[in-house]
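Trainee: Got a structure here, written out as structure tokens. Questions coming.
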Amino acid sequence: MADPTEPHGYRAGARAGLPLVLPTLVVGASFGVLARSLGWGTVAPIVCSLVVFAGSAQFALASVLGAGGSVLAAVVAAALVNSRFGPMGLAVAPGLRGGRLRRAVEGQAVIDASLILASREGRVDRELLLGVTLTQWLAWQSGTVLGTLGGGLLGDPDALGLDAVFPAFFLVLLVGEATDARSRAAAVAAAALTFALVPLVPPGVPVTAACAVALIGLVRR
Amino acid sequence: MSAVWLSIAITAVVTIAIKAAGPLALGRRELGARASAVLALLPSVLLCALIVATTFGEDGRLVVGPRAAGVAAAGLALAARAPVLLVVGVAAGVTAAVRALG
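From first to last, the protein sequence lines stand for chains A and B. The working numbering applies: residue 1 is where the first sequence begins, and numbers increase by one. The working numbering applies: residue 1001 is where the second sequence begins, and numbers increase by one.
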């Protein structure tokens, strides 16, 4: 049953994602700066952000290629980092509209922030999801353009400590999300599994593997 | 620069496919009660995994550095019931400070 006091709708989505707009913009800019420094030119970084729209995968591409890695190595790294979108796409599908093709298109809007902010008791609020994603998308694209064309105007995001913003924001959300014993147990198990896997498997795989912890939901209460 | 363009194109297609797989498989199907129970846990699980991976993960290694200090400080601010933007600001500020001093 939908809770009328919970935010819903596109604008609520945009508002919910607001704390992330500036960090997303600056990280997008840093991608643009990095890509330029690696000789990508002015078009490729912008197109990359448009068609991939996944920061960690884009940085994986840039760093593997920049270190002299092959195209195969680069795309495998990016694919592993993005593999979590598999379970996330599954999670988002029932909340979308239309047949499988339309849902496959709408499902492209799923990103970490929007899935998490739009999740309501195992179901995703479609408008909330789209609202969050739209604002993140605008921030990401503008940031990339600024960084690609504006060079070092915005300074070094690491010097500004901006790499801590996403995990801190996720921490805020976690406190609001893991409110019962079962979700707390799942959170702890996911943390432990991720810790264990980070040194063992390529980046991105720990997060995707940790999604399997949600399967404890199959156990009857 | 064709390696760059090829990588971008392949990654875009692969990412689109990954995101499309779930909706294509499920179509209009509703999830059963058990699947819903699993997905209800996914936000907590995903959040925790992302927090750990992005706070401590550095190129396939666990690192306890300025970012960890910033996130820890954010945790304290959160425990002190600071508003979201302040928590996030504390994270950035502490991380920047520790990094500058280190």
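C-beta: ideal position from N, C-alpha, C; glycine also. All values derive from a computational prediction rather than experimental measurement.
Under 8 angstroms, Cβ to Cβ, is there at least one residue of chain A near residue 1053 (chain B)?
Mentor: It does; some Cβ of chain A falls within 8 angstroms.
Trainee: Decide if the segment 59-68 of chain A is in contact with the segment 205-213 of chain A; the criterion is three or more beta carbon pairs, one per stretch, under 8 angstroms apart.
Mentor: Touching, no.
Trainee: Check the Cβ-Cβ distances between residue 110 (chain A) and every residue of chain B, and say whether any is below 8 angstroms.
Mentor: It does: the Cβ of residue 110 (chain A) has a partner Cβ on chain B nearer than 8 angstroms.
Trainee: Using alpha carbons as the reference points, say which of B:1041, B:1059, B:1009 lies closest to residue 198 (chain A).
Mentor: That would be B:1059, whose Cα lies nearest to the Cα of residue 198 (chain A).
Trainee: Determine, using beta carbons only, whether residue 1064 (chain B) comes closer than 8 angstroms to chain A.
Mentor: Closer than 8 angstroms: no.
Trainee: Please identify, using Cβ separations under 8 angstroms, the residues of the segment 1077-1090 of chain B that lie next to chain A, in order along the chain.
Mentor: For the segment 1077-1090 of chain B, which is checked against every Cβ of chain A, the residues closer than 8 angstroms are 1078, 1084, 1085, 1087, 1088, 1090.
Trainee: Report buried or exposed for residue 114 (chain A), applying the criterion of at least 16 other Cβ atoms within 10 angstroms of its Cβ.
Mentor: When all chains shown are included, residue 114 (chain A) counts as buried.
Trainee: Among B:1088, B:1070, B:1066, B:1079, which has the Cα closest to the Cα of residue 1099 (chain B)?
Mentor: Out of B:1088, B:1070, B:1066, B:1079, B:1066 has the C-alpha closest to the C-alpha of residue 1099 (chain B).
Trainee: Taking Cβ positions, are residue 147 (chain A) and residue 30 (chain A) nearer each other than 8 angstroms?
Mentor: Result yes, Cβ atoms of residue 147 (chain A) and residue 30 (chain A) sit closer than 8 angstroms.
Trainee: For residue 143 (chain A) and chain B, any beta-carbon pair shorter than 8 angstroms?
Mentor: It does not: the Cβ of residue 143 (chain A) has no partner Cβ on chain B nearer than 8 angstroms.
Trainee: For the alpha helix (DSSP H) containing residue 206 (chain A), name the first residue and the last one.
Mentor: That run of the alpha helix (DSSP H) goes 205-210.
Trainee: Give the secondary structure of residue 183 (chain A) by DSSP, where H, G and I count as helix, E and B as strand, and everything else as coil.
Mentor: Of the three classes helix, strand and coil, the one that applies to residue 183 (chain A) here is helix, per DSSP.
Trainee: How far does the alpha helix (DSSP H) with residue 42 (chain A) in it extend, from its first residue to its last?
Mentor: Careful: residue 42 (chain A) lies outside any alpha helix (DSSP H) and carries neither H nor E.
Trainee: Take residue 1 (chain A) and list the residues in its own chain whose beta-carbon comes closer than 8 angstroms to its own, dropping the five residues that flank it on each side.
Mentor: With a pLDDT of only 45 at residue 1 (chain A), under 50, the local geometry of the prediction cannot be trusted, and the value read off the model is given with reservation. Closer than 8 angstroms at Cβ, skipping near neighbours: no residue.
Trainee: Could you tell me the distance, in whole angstroms, from the CA atom of residue 176 (chain A) to the CA atom of residue 1072 (chain B)?
Mentor: If I take the Cα positions, the gap works out to 17 angstroms.
Trainee: Where does residue 121 (chain A) sit, in a helix, a strand or coil, going by DSSP?
Mentor: Correct three-state label for residue 121 (chain A): coil.
Trainee: Using a Cβ cut-off of 8 angstroms (strictly closer), state whether residue 123 (chain A) contacts chain B.
Mentor: Chain B contact via Cβ: present.
Trainee: So, does the CB of residue 1 (chain A) fall closer than 8 angstroms to a CB anywhere in chain B?
Mentor: Here residue 1 (chain A) scores only 45 on pLDDT, less than 50, and its place in the model is too uncertain to base an answer on.
Trainee: For chain B, check one thing: does any of its Cβ atoms lie closer than 8 angstroms to the Cβ of residue 107 (chain A)?
Mentor: It does: the Cβ of residue 107 (chain A) has a partner Cβ on chain B nearer than 8 angstroms.
Trainee: Where does residue 1058 (chain B) sit, in a helix, a strand or coil, going by DSSP?
Mentor: Correct three-state label for residue 1058 (chain B): strand.
Trainee: For residue 174 (chain A), which residues in chain B fall below 7 angstroms Cβ to Cβ?
Mentor: By Cβ distance, chain B contributes 1044, 1047, 1048, 1051.
Trainee: I need the straight-line Cα distance from residue 40 (chain A) to residue 68 (chain A), nearest angstrom please.
Mentor: Answer to the nearest angstrom: the Cα atoms are 14 angstroms apart.
Trainee: Can you find the residues in the same chain that come closer than 8 angstroms, C-beta to C-beta, to residue 95 (chain A), ignoring five residues on each side of it along the sequence?
Mentor: The residues are 118, 123, 124, 125, 126, 129.
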